[in-house]
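These notes are about the structure you will find just below.
2 protein chains.
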Amino acid sequence: MSHNGDNSRRLLVIRHGERCDFTFNQQGINWMKRAFDASGRYRPFDLNLPRNIPRRKDGYEKFAGDSPLTEMGYLQSKLTGRALRDHNVKVDYIYCSSALRCVQTAVGIVKGMDGRSLQLNIEPGLFEWTQWCRNGIPSWMRPDELENIGYPINTSYTPFMRLEDFKLKESLDEYYDRSYALIRKILKRHSQGTVLIVAHAASLDTITRQLCGGLPRNQDDFFYCIQQTPYLACSQAVEQPNKLWRIASSPIPPLTHASNTSYNSKILAMNYPQMGCDKGES
Amino acid sequence: MSHNGDNSRRLLVIRHGERCDFTFNQQGINWMKRAFDASGRYRPFDLNLPRNIPRRKDGYEKFAGDSPLTEMGYLQSKLTGRALRDHNVKVDYIYCSSALRCVQTAVGIVKGMDGRSLQLNIEPGLFEWTQWCRNGIPSWMRPDELENIGYPINTSYTPFMRLEDFKLKESLDEYYDRSYALIRKILKRHSQGTVLIVAHAASLDTITRQLCGGLPRNQDDFFYCIQQTPYLACSQAVEQPNKLWRIASSPIPPLTHASNTSYNSKILAMNYPQMGCDKGES
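So the protein lines, in turn, are chains H and S. Reminder that position 136 of the first sequence reads as 136 in the working numbering, one-by-one numbering, no gaps. In the working numbering, each residue carries its 1-based index in the second sequence increased by 1000.
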């Protein structure tokens, strides 16, 4: 029996949190060029960059194609996990994309839920549209590596899809079909309970669309959907007594916040009659 | 002796974090109308609203003029405290404005610093320009009330300025003069060490401006300064061997992050051939 008050299977699909690259790759400067020195030593230049960053066997350069979360992104994830708990949503199984930002988001959700018994099943098939992979499918951290840094990973999970199964530059229909085929396999494994998928902005639609009887979207509708999908957005699909699935509202409130810009105290030296700003200080 | 490696006195001035009213008073709707029912019962409608809100003796309606921090605002504060610790900035004394957002920010900074021995001196004289008080000086929570909810308050602190000392609609020069008079009194009490002031956007300038030999700004420069001052912005002034003070750079990095919009899963029901979004759900 599910823990949601009835027998229906439920599916939650949640987008990952704020990513370092989107936040700090501004004005043509890659965040990694500023955060890592030539020897790969990490020095965050902003309080929203993670204070510590995982060591990865494929080399720190791979963060360029596989961004970690920002501090805010991790908080967004914990707030979402806490909200699931507060709203009595009991998650039974978690599957997440191999992208580090999705793994870290799932870690934050589990932490926020205080879901000590939950382990993450890392499923490459949940990765986003391969049209966006200009340099091929990114290198991902391995499940045993993620477990070694303390994440609650199910290392005995055998993914439905392997790296060599990916088609590069799949059409939009092919991306919808891959997502639909995958969620059918995942749901076949669980005859009851609530399955949480942590993946990408498009996943909220691609994972639920055909399951609920829809057709793959055209590109215009697809891009409109993505643009309307903030970090930690949550979609829900519920199985009906007649075994058909339908979209329901998110079981938790939205997450809305303002941006913050970088402060430069040199503005205080503006129009000083006597002294300038001490640029050498600290 | 100061703990900053030399004998010089230092002054840090930090703006409070993200506030509920600025984030949620949108399109003419006051956040409190949505978050409190007629009996004053609090129900957050967004994950960035605080999960729990302090009880206040002057009535929950007073949050309208004295906004609490959002969840993001509290995280901004903790990240800033952690950064002060990481950069070996030892704070010896904390003074904060009576506004709840400033008190909560100071609480978060102390928490982030793990500054267990630090207590907050709540000083009404640090409140912002009274030109902005359309309905008079707001009602603030009392130090003993704030202590009762677990905040580290110095309840034996006697403020330099009392409510009845405020001049409503003070001129900009008067605001600068009030801030300068106050900081001189505070610094007179401490012959060494680092003093942290947690106050308002304008405070980064008004507290340091005349201390460093500047004249009060004209309105254009003043508003430009405020617009360039994000949440948790930090300015620093350092006393020179010749006893004059000068502006220095912030001892910690800036804090930059993106905004997040509210998600509405009804977009997923767009162009469904068979079924709509179940609006009654949850």
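No residue lacks a Cβ here, since even glycine has one placed at the ideal position from N, Cα and C. The structure displayed is predicted, hence computed values, not measured ones.
Outcome for H/Ala-106 when other beta-carbon atoms lying within 10 angstroms are tallied against a minimum of 16:
Counting Cβ neighbours within 10 Å, H/Ala-106 comes out buried, since at least 16 surround it.
Which residue's Cα is closest to the Cα of H/Pro-50: S/Phe-1022, S/Leu-1182, S/Pro-1216, S/Thr-1080?
For the set S/Phe-1022, S/Leu-1182, S/Pro-1216, S/Thr-1080, the Cα lying nearest the Cα of H/Pro-50 is the one of S/Thr-1080.
Cutoff 8 Å: S/Asn-1048 Cβ touching any chain H Cβ
Flagged as an interface residue toward chain H: S/Asn-1048, by a C-beta distance shorter than 8 Å.
Please classify H/Glu-164: is it buried, with 16 or more other beta-carbons within 10 angstroms of its beta-carbon, or exposed?
So H/Glu-164 ends up on the exposed side.
Mark S/Asn-1048 as exposed unless 16 or more other C-beta atoms lie within 10 angstroms of its C-beta, in which case mark it buried.
Counting other Cβ atoms within 10 Å of its Cβ, S/Asn-1048 reaches 16 or more and is therefore classed as buried.
Quick check: S/Val-1198 and S/Ser-1008, are their CB atoms within less than 8 Å of each other?
No, they are not a contact pair.
Using 10 angstroms around the beta-carbon of H/His-87, count the other beta-carbons present and answer buried if the total reaches 16, otherwise exposed.
With fewer than 16 other Cβ atoms within 10 Å, it is exposed.
Is H/Cys-225 helix, strand or coil when you go by DSSP?
Correct three-state label for H/Cys-225: helix.
Measure from the alpha carbon of S/Leu-1011 to the alpha carbon of each residue in S/Pro-1254, S/Tyr-1157, S/Ser-1191, S/Thr-1130, then state which is nearest.
Considering only alpha carbons, the answer is S/Ser-1191.
Taking C-beta pairs closer than 7 Å, name the residues in chain H that S/Tyr-1042 reaches, listed in chain order.
Residues of chain H passing the Cβ test: none, with the nearest at roughly 13 Å.
Could you tell me which of H/Asp-205, H/Ala-38, H/Pro-143, H/Tyr-175 sits nearest to H/Cys-133, measuring between CA atoms?
For the set H/Asp-205, H/Ala-38, H/Pro-143, H/Tyr-175, the Cα lying nearest the Cα of H/Cys-133 is the one of H/Tyr-175.
Shorter than 8 Å from the beta carbon of H/Glu-239 to some beta carbon of chain S?
No, no contact with chain S.
Exposed or buried, which one is S/Ile-1252 when buried takes at least 16 other CB atoms within 10 Å?
Residue environment: S/Ile-1252 is assigned as buried (16 or more neighbouring CB atoms within 10 Å of its CB, all protein chains considered).
Of the choices S/Ser-1262, S/Thr-1256, S/Leu-1268, S/Thr-1155, whose alpha-carbon is the least far from that of H/Phe-24?
Ranking S/Ser-1262, S/Thr-1256, S/Leu-1268, S/Thr-1155 by Cα distance to H/Phe-24 puts S/Thr-1256 first.
If you follow the beta strand (DSSP E) that H/Cys-96 is in, where does it begin and where does it stop?
Start and end: 93-96.
For H/Met-275 and chain S, any beta-carbon pair shorter than 8 Å?
Any answer about H/Met-275 is weak, because its pLDDT of 43 lies below 50 and its placement is not dependable; what the coordinates show is given next. It does: the Cβ of H/Met-275 has a partner Cβ on chain S nearer than 8 Å.
Using only the alpha-carbon positions, how far apart do S/Asp-1037 and S/Arg-1019 sit?
For the pair S/Asp-1037 and S/Arg-1019, the Cα-to-Cα distance works out to about 20 Å.
S/Tyr-1060 at chain H interface by Cβ criterion, 8 Å:
Any Cβ of chain H closer than 8 Å to the Cβ of S/Tyr-1060 would place that residue at the interface, and such an atom is absent.
Mapping DSSP to helix, strand and coil, what is S/Glu-1061?
Judged by DSSP in its simplified three-state form, S/Glu-1061 adopts helix.
So with CB distances below 7 Å, who are the chain H contacts of S/Ser-1262?
Correct list: Pro-254, Thr-256.
Contacts around H/Gln-210, its chain only, beta-carbon distance under 6 Å, and the 5 residues preceding and following it disregarded
Excluding residues within five positions, the ones whose Cβ falls inside 6 Å are Tyr-180.
Nearest to S/Gly-1150 (by Cα), restricted to the options S/Lys-1188, S/Lys-1111, S/Tyr-1157, S/Glu-1170:
Ranking S/Lys-1188, S/Lys-1111, S/Tyr-1157, S/Glu-1170 by Cα distance to S/Gly-1150 puts S/Lys-1111 first.
Can you list, in chain order, the stretches of the beta strand (DSSP E) that have 3 or more residues and sit fully within the stretch 118-195 of chain H?
If you keep only unbroken beta strand (DSSP E) runs of at least 3 residues inside the stretch 118-195 of chain H, you get 120-122.
I'd like to know whether the C-beta of S/Phe-1166 is nearer than 8 Å to at least one C-beta of chain H.
For S/Phe-1166, the answer is no, since every Cβ of chain H falls outside 8 Å of its Cβ.
Just how far apart, CA to CA, sit S/Ser-1235 and H/Pro-44?
Put simply, the backbone Cα of S/Ser-1235 is about 20 Å away from that of H/Pro-44.
What are the boundary residues of the beta strand (DSSP E) that includes S/Ala-1248?
For S/Ala-1248, the enclosing beta strand (DSSP E) has its first and last residue at 1245-1248.
I'd like the list of long-range same chain contacts for S/Tyr-1263, defined as Cβ closer than 7 Å, with 5 residues on each side in sequence excluded.
Excluding positions up to five away in sequence, the list is empty.
Burial state of S/Asn-1135, where buried means 16 or more other Cβ atoms lie within 10 Å
Counting Cβ neighbours within 10 Å, S/Asn-1135 comes out exposed, since fewer than 16 surround it.
If you draw a straight line from the alpha carbon of S/Asp-1066 to that of S/Cys-1102, how long is it in whole angstroms?
Rounded to whole angstroms, S/Asp-1066 to S/Cys-1102 spans 10 Å at the Cα level.
Just the chain H side, please: which residues come within less than 7 Å of S/Asp-1205 by C-beta, in chain order?
Ordered by position in chain H, the residues that pass the 7 Å Cβ test against S/Asp-1205 are Leu-268.
Partner residues on chain H for S/Ala-1083, Cβ-Cβ distance less than 8 Å:
What S/Ala-1083 touches in chain H: Leu-47.
Contact set for S/Gln-1274: own chain, Cβ-Cβ below 8 Å, skip 5 residues either direction:
In this predicted model, S/Gln-1274 has a pLDDT of only 44, less than 50, meaning its place in the structure is not dependable; the value taken from the coordinates is given anyway. So no residue of the chain qualifies.
Assumed close pair S/Gly-1017, S/Tyr-1074 - CB separation to whole angstroms, cut-off 8 Å:
Yes, S/Gly-1017 and S/Tyr-1074 are in contact; Cβ-Cβ is about 6 Å, under 8 Å.
Does any residue of chain S have a CB that is nearer than 8 Å to the CB of H/Thr-229?
Answer yes: the Cβ-Cβ gap between H/Thr-229 and chain S drops below 8 Å somewhere.
Determine the extent of the beta strand (DSSP E) in which H/Ser-235 is found, giving its start and end residues.
First-last of the beta strand (DSSP E) with H/Ser-235: 234-239.
Would you call the CB atoms of H/Arg-82 and H/Ala-233 closer than 8 Å?
No, the pair does not count as a contact, with Cβ atoms beyond the cut-off.
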